[in-house]
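Data block below; observations after.
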Amino acid sequence: MSLAISAIKYVNEIKNGNLTAEEFISKTFERIKKIDDNLHAYLSLNDNAIEQARQIDKRIKAKENVGVCLGMPISIKDNICVKETKTTCGSKVLENFVAPYDATVITKLKAEDAIIIGKTNLDEFAMGLTTEFSAYGPSKNPWNAEYVPGGSSGGSAVSVSAQECIASLGSDTGGSVRNPASFCSIVGFKPTYGLVSRFGLISYSNSIEQIGPMTRTVEDNAFLLNIISGLDPNDNTTIDNKNVDYLSNIDAGVEGKKIGIISEMTKGIDKDVSSATNDAVSQFEKLGAKIDEISLEMVEYSVASYYTITATEAGSNLARYDNLRYGFDFDLEGYEFNSYITKARKNFGPEVTRRMILGGFVPSAGHAGKYFLKALKVKNKLTTEINEVFKKVDLLIAPTVPILPFKLGEKVDDPVALFLVDINTVTANLTGKPSISVPFQITNGLPIGIQILGKPMEDKLVLQAAHALEKTTNLPEVPI
Amino acid sequence: MVSKEEIERVAKLMRIEIDDHVVHVDRVQKMIEYFDILDKAGIETQELIVQEQKIENLREDKFIPYEDKLIDKLKNYKGTYIKAPKMV
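Taken in sequence, the protein lines are chains C and G. 26 is the number of the first residue of the first sequence in our numbering; add one for each residue after it. 13 is the number of the first residue of the second sequence in our numbering; add one for each residue after it.
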């Protein structure tokens, strides 16, 4: 029995009686036990998963109604609340926090009989793009364990890529689903802002972040999006998607579609990434799409805008962590109020501390005009620019990340070098557009992903284009 | 250029103690310096777009009972209040 199967194949195998959920979950746990000490995809595992699988098998055998996931093992980034499960956000500040409720996406997955197999590693509070800022140590790239897996949903990407689950949910604030998907050769999708409820996602920068599926195939991504998308009264930013079926007609192709290649995201990039992007353009042309180069001038300023806005929102969102109502064990006795909170906040890691300071600084009196207001204006102008471009083209493409995966420790001490790794992904977040990373090439043993962006609520078209590109590839299995 | 003293002042206001200047102040200063690129964006005449949400589109403001008493799960909960350190 292979663990390297897609979600769609898993469902078919279970339906045909060729596989049981218990067998699959047991084998998955064996693999986790074998490889995860090294890769460190997981922060915690669900001890009841095998029993839950057994119960689902019983219901299938008794021909009872069973949800479409049929006991499929899905991992969840550890900033999404799963009831009665530790949700640490990769932080020592929340090391003992047990979520009292399920995030809406978890409620929906459970209703379809998915099994939450474990919680995955991330940069602390999702602030980072390598998992090196996790308080519990970094995850490693299964393609080469000396390299970063990307982040912040790095643990999720590793768990899917290394066959430690079938699919995962991550969150994407500036590329945190797409970047690790690209680095680990899996599919990662940031849906249109509002398509997926954020209720139960621990907030970092609410105005731009989205939960997104991370899967082995584009079809699997559409399968999961069918489950988790839609209106939620608990998240007022959610949009009614009229129950669009993202999986149906996924073979539609791109013939006759106009695709723009974003010039600011393809200049000055790594030569292997540039070559892969040119190959992807050729493939789209062969599939019948018309490619035009387009320009988005504000991309140059997008990273500064992104970090200014996210730091500001993080400064506000993380102000709640005073360790009084929840948090780690730290006795109140002997402390004055302010000194207690100051002391408690020393449990934040260095990157979170820096971004909180930034988040206090850039919107503060005397500095807001120079930083925060300008960042908002760049965001608005970028949105105007991209909306104008989308009047002429159906889709946009660019490499997901301008460079290849890099070695652990290589960039961790250079904040600006790390910022610039995000340059191709933040535009989709700042403008609310759907964007997917599709595995496209393996160069010198390291993966390269191609990013496809669409118009808001045209997530289905993005998935169709991604599926068309995916079918032109023939990538090797992860060498682990 | 933003001075280190300004950064330290904001950190203090945010109740963040800085013990390692290289790890915190120097890198924050480097980050803020990078943000100066925003000065070149040419967005002086750009309007700020504000998204409005009509009140009738918000969810109903009513109490929905929850299966568990969430307040019982909080740290330092003493039956009717949350215990906090004394304020001087």
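Built from N, CA and C at the ideal position, the CB exists for glycine as well.
Burial state of residue i, where buried means 16 or more other Cβ atoms lie within 10 Å
i                 : result
isoleucine 236(C) : buried
arginine 370(C)   : buried
leucine 60(G)     : exposed
isoleucine 50(C)  : buried
proline 98(C)     : buried
aspartate 84(G)   : exposed
valine 202(C)     : buried
methionine 506(C) : Residue numbering for chain C in the displayed model covers 26 to 505; residue 506(C) lies beyond these limits and cannot be assessed.
glutamine 188(C)  : buried
alanine 156(C)    : Note that residue 156(C) corresponds to threonine in the displayed sequence, not to alanine. Under this definition threonine 156(C) is a buried residue.
leucine 401(C)    : buried
alanine 336(C)    : buried
arginine 39(G)    : buried
tyrosine 93(G)    : exposed
leucine 70(G)     : exposed
leucine 506(C)    : No answer is possible for residue 506(C): the residues shown for chain C start at 26 and end at 505.
leucine 25(G)     : exposed
Nearest-angstrom Cα separation, counted from residue j out to residue i
i                    : j                    : result
lysine 485(C)        : valine 446(C)        : 27 Å
serine 116(C)        : valine 37(G)         : 21 Å
proline 388(C)       : glutamate 338(C)     : 10 Å
lysine 98(G)         : lysine 108(C)        : 33 Å
serine 288(C)        : phenylalanine 47(G)  : 22 Å
alanine 301(C)       : aspartate 103(C)     : 32 Å
glutamate 318(C)     : asparagine 449(C)    : 15 Å
leucine 488(C)       : phenylalanine 465(C) : 15 Å
leucine 471(C)       : aspartate 297(C)     : 10 Å
phenylalanine 415(C) : glycine 457(C)       : 13 Å
valine 14(G)         : glycine 384(C)       : 15 Å
aspartate 354(C)     : lysine 81(G)         : 22 Å
isoleucine 60(C)     : proline 167(C)       : 9 Å
alanine 423(C)       : arginine 379(C)      : 30 Å
isoleucine 28(G)     : lysine 42(G)         : 19 Å
serine 27(C)         : asparagine 266(C)    : 35 Å
asparagine 71(C)     : phenylalanine 54(C)  : 10 Å
glutamine 63(G)      : alanine 87(C)        : 51 Å
threonine 452(C)     : aspartate 356(C)     : 44 Å
isoleucine 55(G)     : arginine 21(G)       : 29 Å
phenylalanine 444(C) : aspartate 148(C)     : 14 Å
Own chain partners of residue i with C-beta closer than 8 Å, once the 5 adjacent residues on each side are dropped
i                 : result
glutamate 310(C)  : Ile316
isoleucine 428(C) : Ile294, Asp295, Val298 and Val446
asparagine 268(C) : Gly255
Presumed contact (8 Å Cβ cut-off) between residue i and residue j, rounded CB distance
i                    : j                    : result
serine 193(C)        : glutamate 234(C)     : Not quite, the Cβ-Cβ distance comes to about 16 Å (not below 8 Å), so this is no contact.
glycine 180(C)       : asparagine 204(C)    : At roughly 13 Å, the Cβ-Cβ gap does not stay under 8 Å, so glycine 180(C) and asparagine 204(C) are not in contact.
isoleucine 252(C)    : lysine 133(C)        : 5 Å
threonine 242(C)     : serine 31(C)         : 5 Å
serine 178(C)        : valine 426(C)        : At roughly 14 Å, the Cβ-Cβ gap does not stay under 8 Å, so serine 178(C) and valine 426(C) are not in contact.
alanine 490(C)       : isoleucine 473(C)    : With 8 Å as the limit, alanine 490(C) and isoleucine 473(C) do not qualify as a contact, their Cβ atoms being about 17 Å apart.
valine 173(C)        : phenylalanine 373(C) : The Cβ separation is near 21 Å, so there is no contact.
isoleucine 33(C)     : glutamate 244(C)     : 5 Å
glutamate 322(C)     : alanine 29(C)        : Not confirmed; about 43 Å, so no contact.
leucine 226(C)       : serine 327(C)        : Not a contact, Cβ separation roughly 23 Å.
phenylalanine 386(C) : isoleucine 67(G)     : The Cβ separation is near 34 Å, so there is no contact.
Bounding residues of the beta strand (DSSP E) (the contiguous stretch that carries residue i)
i                    : result
threonine 464(C)     : The question names threonine, but residue 464(C) is proline in the sequence shown. Residues 460-468.
threonine 240(C)     : 235-240
aspartate 317(C)     : 315-319
proline 205(C)       : No beta strand (DSSP E) holds proline 205(C); the alpha helix (DSSP H) holding it covers 203-209.
phenylalanine 214(C) : 212-215
glycine 567(C)       : Coverage of chain C is limited to positions 26 through 505, which leaves residue 567(C) absent and any answer about it impossible.
alanine 423(C)       : 420-424
serine 98(C)         : It is proline, not serine, that sits at residue 98(C) in the sequence shown. Start and end: 98-102.
glycine 285(C)       : 283-287
tyrosine 67(C)       : 67-70
Same chain, Cβ closer than 6 Å to residue i, five either side skipped, listed in chain order
i             : result
alanine 23(G) : Ile30
lysine 480(C) : Phe415
Sequence-distant residues of the same chain with beta carbon closer than 7 Å to residue i, five excluded per side
i                : result
alanine 78(C)    : Ala46, Glu47, Ile50, Gly96 and Ile140
glutamine 308(C) : Leu494 and Thr497
aspartate 257(C) : Thr129, Ser222, Phe224 and Thr263
glycine 281(C)   : Gly313
alanine 247(C)   : Tyr271, Leu272, Ile275 and Leu488
Where the alpha helix (DSSP H) containing residue i begins and where it ends
i                : result
aspartate 197(C) : Not the alpha helix (DSSP H): aspartate 197(C) falls in the beta strand (DSSP E), residues 192-197.
glutamine 476(C) : Note, glutamine 476(C): premise wrong, no alpha helix (DSSP H); beta strand (DSSP E) at 471-478.
glutamate 296(C) : The sequence shown places lysine at residue 296(C), rather than the glutamate named in the question. Its alpha helix (DSSP H) spans residues 296-311.
tyrosine 365(C)  : 362-369
leucine 60(G)    : From DSSP, leucine 60(G) is part of no alpha helix (DSSP H); its letter is neither H nor E.
lysine 493(C)    : Checking the displayed sequence, the identity of residue 493(C) turns out to be alanine instead of lysine. Looking at the DSSP string, the run of the alpha helix (DSSP H) that includes alanine 493(C) is 484-495.
asparagine 63(C) : 46-64
serine 184(C)    : 179-186
Any non-hydrogen atom of the ligand SAM within 7 Å of residue i CB
i             : result
serine 462(C) : With respect to the ligand SAM, the structure shown offers nothing to examine, as it has no ligands at all.
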